[in-house]
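In this note's numbering, the protein residues as written are 10 to 290.
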């Protein structure tokens, strides 16, 4: 199928398509909600749609490739890659089967990466959210937590989870934390006043949230703090009108924690971050 540039008139059917596959479309939905078409913001996107509106392809201003195109063929994925020619690409994110098909058809599967992960997906109808009672537990906005501590945690997350080069972790952490505070998207769990874990929503719609950026420092792991933080944050979202949560688990331990508060398996999601200086050719 032929790709063409998306227009404002395409946005309603694009959103309907993404809503039908919300589990793997939250980054696209969130970016569209926040920036629409043609924004020069870092997460602003250029979008293309397939001729019959069965698929959408996007690339952010930071070089991340996003898509939702379940019917795309190898020929479609090669054509999609041609649209990205000359752009510096930092990575791609989306449904595992589609992402692997895109990388294979485009030849990008041979490019060096700093992160290449397939992660199991989970979903939770928030009426089924399970929250444990923990004395003196409190969830506070990121802005109210000690900044140096939060920056250290986020830098550690970059190193441990995202494979960011050591010399870049502090800079990336500052950028992330400033954005989280601006969007009020992340929280810190405290127990008797001590900060013990961080969590957040890396994409959010009025009725659906995508959990991300969950972190507990190594010396505090194994105590249920991460799942409590997530559960309390989801309760906030439920009170504000959300009825569905989705996420992707970076490890078996994380998967067990999320299942303990009610999440059920739902699909698979992949994140690939290229080594620096990758351009579409």
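Glycine included, each C-beta is placed from N, C-alpha and C at the ideal position. As the structure is a prediction and not an experimental result, all values here were calculated from the model.
C-alpha distance - residue i paired with residue j, whole-angstrom precision
i, j, result
"residue 144", "residue 129", "32 Å"
"residue 223", "residue 167", "12 Å"
"residue 75", "residue 267", "25 Å"
"residue 81", "residue 103", "14 Å"
"residue 199", "residue 233", "12 Å"
"residue 271", "residue 139", "6 Å"
"residue 98", "residue 120", "11 Å"
"residue 196", "residue 26", "31 Å"
"residue 162", "residue 131", "24 Å"
"residue 49", "residue 142", "44 Å"
"residue 156", "residue 84", "48 Å"
"residue 32", "residue 79", "13 Å"
"residue 105", "residue 277", "6 Å"
Contacting residues, own chain, Cβ-Cβ under 7 Å from residue i (five flanking each side not counted)
i, result
"residue 125", "281"
"residue 36", "75, 102 and 212"
"residue 216", "250, 251, 252 and 253"
"residue 244", "138 and 140"
Expected contact under 8 Å - CB spacing of residue i and residue j to nearest Å
i, j, result
"residue 208", "residue 235", "7 Å"
"residue 189", "residue 151", "5 Å"
"residue 225", "residue 206", "4 Å"
"residue 77", "residue 44", "With a Cβ gap of about 17 Å, residue 77 and residue 44 do not count as contacting."
"residue 256", "residue 221", "7 Å"
Residue i versus the options, residue with shortest Cα-Cα distance
i, options, result
"residue 69", "39, 29, 117 and 141", "39"
"residue 174", "285, 14 and 61", "285"
"residue 62", "164, 142 and 18", "18"
"residue 203", "153, 179 and 135", "153"
"residue 248", "256, 218, 72 and 192", "218"
"residue 59", "46, 22 and 42", "22"
"residue 191", "210, 136 and 279", "210"
"residue 107", "127, 24 and 52", "127"
"residue 160", "186, 259, 170 and 146", "186"
"residue 116", "42, 136 and 86", "86"
"residue 146", "259, 283, 237 and 136", "237"
Chain-order list of residues whose beta-carbon lies under 8 Å from that of residue i (same chain, five-residue window excluded)
i, result
"residue 57", "12, 13, 14, 15, 65, 66, 67, 89 and 92"
"residue 263", "223 and 235"
Per DSSP, cross-strand counterpart(s) of residue i
i, result
"residue 273", "132"
"residue 147", "199"
Cβ-based neighbour list, residue i, same chain, cut-off 6 Å, excluding 5 preceding and 5 following
i, result
"residue 3", "Lying before the first or after the last residue shown, residue 3 is absent from the chain, which here runs from 10 to 290."
"residue 179", "164"
"residue 246", "218"
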